[in-house]
Amino acid sequence: MAKQKKHPTGTIAQNKKARHDYFIEQRFEAGMVLAGWEVKSLRAGKAQLVDSYVLLKDGEAWLLGSHITPLTTASTHVIADPTRSRKLLLNKRELEKLFSSVQQKGYACVCTSLYWSKHLIKCEIALGKGKKEYDKRDTERERDAGRELQRAVRNKGKED
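Position 134 of the sequence shown, counting from 1, maps to 134 under full-length UniProt numbering, and the rest follow consecutively.
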């Protein structure tokens, strides 16, 4: 009997800045068209999504601004471009929904995370509405209050 290979699990990279800058309204799961060296780099966890965004043009979705660092052991005959635009694979209905939503004022399409789904690499795309500065401060205030409440609950029994 053949030995079953263990698939990698978990999140490769997250875009926490997107959660800070946008109210996330809808999420979509998209496949990615990747080269061999990119998959090896993603297995090593060498990806950044900080300034990445999704461009919708000609009925297709493209991930721009993401950075996948090539490994030093990558092949010498392949020229690795770490910031190249990568095509995202979405259902036609999902693409139409994204196109119509992005046309509205204040909406943007951003990549929130890269993760493994069995042996495939998936990209989580989020449709978000931009936050104003006071919304960002309000979110920070709520997060701090929640943290203080958790600390108080955790330390309640230890004061005795």
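All C-beta atoms, glycine included, are put in the ideal place defined by N, C-alpha and C.
Buried or exposed for residue i, going by 16 or more other Cβ atoms inside 10 Å?
i, result
"Ser113", "buried"
"Asn91", "exposed"
"Glu124", "buried"
"Ser41", "buried"
"Ala30", "buried"
"Ser52", "buried"
"Asn15", "buried"
"Leu63", "buried"
"Arg141", "exposed"
"Val54", "buried"
"Ala44", "exposed"
"Arg147", "exposed"
"Leu88", "buried"
"Ala145", "exposed"
"Arg86", "buried"
Can you name, in chain order, every residue of its own chain whose Cβ lies under 7 Å from the Cβ of residue i, other than the five neighbours on each side?
i, result
"Leu127", "Glu25, Gln26, Leu98, Ser101, Tyr107 and Cys109"
"Phe23", "Gly128, Lys129 and Lys131"
Which residues does DSSP list as the beta-bridge partners of residue i?
i, result
"Ser66", "Ser66 is not bridged to any residue."
"Gln150", "BP columns for Gln150 are empty, so no partner."
"Glu29", "Glu124"
"Ala13", "Leu114"
"Gly130", "Tyr22"
Using C-beta distances below 6 Å, list every residue in its chain close to residue i, excluding the 5 sequence neighbours before and after it, in chain order.
i, result
"Ala13", "Ala47, Leu49 and Leu114"
"His67", "Gln48, Pro82 and Thr83"
"Ala18", "Val110 and Thr112"
Under 8 Å Cβ to Cβ from residue i, same chain only, skipping five residues before and after it: list those, please.
i, result
"Gly10", "Tyr115 and Trp116"
"Lys136", "His20 and Asp21"
"Leu95", "Leu56, Gly59, Glu60 and Ala61"
"Lys122", "Glu29, Ala30, Gly31, Met32, Leu114, Tyr115 and Trp116"
Checklist entry - Does the pairing of the stretch 151 to 159 with the stretch 35 to 50 give three or more beta-carbon distances under 8 Å? => result The answer is no - the stretch 35 to 50 does not touch the stretch 151 to 159, with fewer than three Cβ pairs under 8 Å.
Item to check | Whole alpha helix (DSSP H) elements within the stretch 41 to 122, 4-residue minimum | outcome: If we require 4 residues or more, the alpha helix (DSSP H) runs fully inside the stretch 41 to 122 come out as 92 to 103.
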